[in-house]
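Here is the structure we will look at, set down as structure tokens.
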Amino acid sequence: MRKRTNRKGNNFMSKRRHFFLSFAALLIFGITTIAQDETLSNDGVIELTRAGFAKSLIIQKIQTTKTKFETTVRKLVELKTAGVSEDVISEMLRARSTATATTTETTTVETRPVSSDLPASKNPV
């Protein structure tokens, strides 16, 4: 059986296969990149709840996704009114406090004055 070739004599099927594989790789890379950039918010949790997802699945999503929750009293009441379970709200508060603790963590460096009457080589550093 003879292989199909284009006018230049190159293997047409090989080029087609190469194009398809390249396209598939770019598509998978793009989807992965978009999924990694996802940030779960209050609205996302409400959407998952209204769609009927189990609270265990929503909690797992909170634990495995970058989150940005608003946890003011008004927003907590909004979540409860929308039917979000208290277990899910509790996990949202935990995720929020973990994120806040991570971003507000500071390093304290103790400094002490260097005595000017000692030679530079004997100053404690």
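Each residue of the sequence shown is one higher than the one before, counting from 674 in my numbering.
Just so it is clear, CB atoms sit at the ideal spot from N, CA and C, and this is done for glycine as well.
In terms of Cβ geometry, V718 and L752 form a close pair [threshold 9 Å]. Look at the stretch 708-764 and you find these whole runs of alpha helix (DSSP H), each 4 residues long or longer: 715-723, 728-737 and 746-754.
Leaving aside the five residues that flank L713 on each side, the residues in its chain whose CB is nearer than 6 Å to its CB run, in chain order, T738 and T740. For R767, the closest alpha carbon among the candidates Q736, T754 and S758 is that of Q736. Cα atoms of Q733 and M765: separation of roughly 11 Å, rounded to the nearest angstrom.
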